[in-house]
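**Student:** Quick note: the sequence shown uses the numbering used here, first residue 20, plus one each step. Idealized CB from N, CA, C, for every residue including glycine. All figures in this text were calculated on a predicted structure; none of them were measured in a lab. Below is a structure I'd like to ask you about.
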Amino acid sequence: AEVGVAAQLCKMNGAKWMYNVLSLLGIAVSLYSLYVEHHKEADESYEAFCDISPSVSCSAVISSDYGKGFGIIGQLLGDSSYLNLSNATFGAIFHLLLIVLGFFPSLLWLTVLVQLSCVPVILYLLCVMLLVLRDVCLLCSCLYVIDFSLLGVSFYMLFHHRQQQKHKCKERLKKKN
C-alpha cells in the first residue's frame, strides 16, 4: 500500500510541476501579447514575429476592437473605463491568480471553478477571432491550448487529491479500530 501512495505522490508532483509550468507559460505569452499591443499602438507598421500573413496576424487580432475588454466592456462602460483593460492584461492576471491558488491544495476545487468560468470567455474569443475577425492569432491560440491543458491538469490534480484524502481517511479509521 505504501508503494501505491508513493506512486500517487510522484504523479501528483509531476502534475503540480506541469500546472506551474503551464501557468508561467500563460503569464509569459500574455506579457508578450501586451508587448505586441503596445508596440503596435506606438508604431502602426510594427510586425510581431507571429505576424506571418494577412490572415495569420497576432497584432491584427490583439489591436482589434475585441483586443480590449473582450470587445464588450468598452461598449458597456466606455472605452476610458478602468475595467476596459487589454485582454492580455486579463490573461496575465488570470494566470497569476492560478499560480497563487496553486499554493493552496485545499482550494483546488476553486482553481477548477475559476478555470471552468473562463471556458465561455475562451470560446467566445475563439469564435470572434475565427468568425468575426477571420484572422488567426498564434499567441491567442497558444493561450487557449495552455488554458485547456491547465484545466485538464487541474482536474487530474483534483481527482488525485480526493483519492489521497480518501486514503488518509481509511488509514485513520484503521488506526482507531
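Taking the C-alpha atoms as reference points, what is the distance between Leu-145 and Leu-169?
**Tutor:** As a first step, residue 145 must be located in the sequence shown, where it is residue number 126. As a first step, residue 169 must be located in the sequence shown, where it is residue number 150. Taking the straight line joining both Cα atoms gives about 17 Å.
**Student:** Would Ile-112 count as contacting chain B if we go by Cβ distances under 9 Å?
**Tutor:** The structure shown has no chain B; it contains just one protein chain.
**Student:** Among Asp-166, Leu-152 and Lys-194, whose alpha-carbon lies nearest the alpha-carbon of Leu-43?
**Tutor:** The residue you call residue 43 lines up with position 24 of the sequence shown. Among Asp-166, Leu-152 and Lys-194, the Cα nearest to that of Leu-43 is on Asp-166.
**Student:** Could you round the C-beta distance between Leu-53 and Ser-99 to whole angstroms and report it? I think they count as a contact, below 8 Å.
**Tutor:** Numbered from 1 along the sequence shown, position 34 holds the residue referred to as residue 53. Numbered from 1 along the sequence shown, position 80 holds the residue referred to as residue 99. At roughly 19 Å, the Cβ-Cβ gap does not stay under 8 Å, so Leu-53 and Ser-99 are not in contact.
**Student:** Do you know whose CA, among Leu-157, Pro-139 and Leu-127, lies nearest Val-172's CA?
**Tutor:** Against the sequence shown, residue 172 aligns to sequence position 153. Residue Leu-127 is the option with its Cα nearest to Val-172.
**Student:** Counting C-beta neighbours from all protein chains within 10 Å, is the total for Leu-129 16 or more, i.e. buried, or is it exposed?
**Tutor:** Within the sequence shown, residue 129 is the residue found at index 110, counting from 1. When all chains shown are included, Leu-129 counts as exposed.
**Student:** In chain order, what residues of the same chain lie with their CB nearer than 7 Å to the CB of Ile-46, ignoring the 5 residues before and after it?
**Tutor:** Taking the sequence shown and counting its residues from 1, one reaches residue 46 at position 27. Taken in chain order, the residues that qualify are Ala-111, His-114 and Leu-115.
**Student:** I think Val-48 touches Cys-77, with their Cβ atoms under 8 Å apart; what is that distance to the nearest whole Å?
**Tutor:** Taking the sequence shown and counting its residues from 1, the one referred to as residue 48 is at position 29. Taking the sequence shown and counting its residues from 1, the one referred to as residue 77 is at position 58. Wrong, their Cβ atoms sit about 10 Å apart, outside the cutoff.
**Student:** Under a three-way DSSP split, which group does Ser-49 fall into?
**Tutor:** Residue 49 sits at position 30 when you count from the first residue of the sequence shown. Residue state, collapsed to three classes: helix.
**Student:** Val-164: buried (16+ other C-beta within 10 angstroms of its C-beta) or exposed?
**Tutor:** Here residue 164 corresponds to residue number 145 of the sequence shown, with the count starting at 1. Burial call: exposed.
**Student:** Express the C-alpha separation of Pro-139 and Glu-66 in angstroms, rounding to a whole number.
**Tutor:** What you label residue 66 is simply residue 47 of the sequence shown in a count that begins at 1. What you label residue 139 is simply residue 120 of the sequence shown in a count that begins at 1. Glu-66 and Pro-139: Cα-Cα distance of roughly 30 Å.
**Student:** I need the boundaries of the alpha helix (DSSP H) containing Leu-142, first residue and last residue.
**Tutor:** Working through the sequence shown from its first residue, we reach residue 142 at position 123. Residues 127 to 146.
**Student:** Going straight from the alpha carbon of Asn-32 to that of Gly-121, what length do you get?
**Tutor:** As a first step, residue 32 is located in the sequence shown; it is residue number 13 there, counting from the start. As a first step, residue 121 is located in the sequence shown; it is residue number 102 there, counting from the start. Asn-32 and Gly-121: Cα-Cα distance of roughly 12 Å.
**Student:** Just the C-alpha distance for Arg-198 and Ala-107, rounded to the nearest angstrom, thanks.
**Tutor:** As shown, the chain starts at 20 and ends at 196. That puts residue 198 outside it, with no answer to give.
**Student:** Quick check on the DSSP output: what are the complete beta strand (DSSP E) runs of length 3 or more inside the segment 78 to 113, in order along the chain?
**Tutor:** None, since the segment 78 to 113 contains no complete beta strand (DSSP E) of that length.
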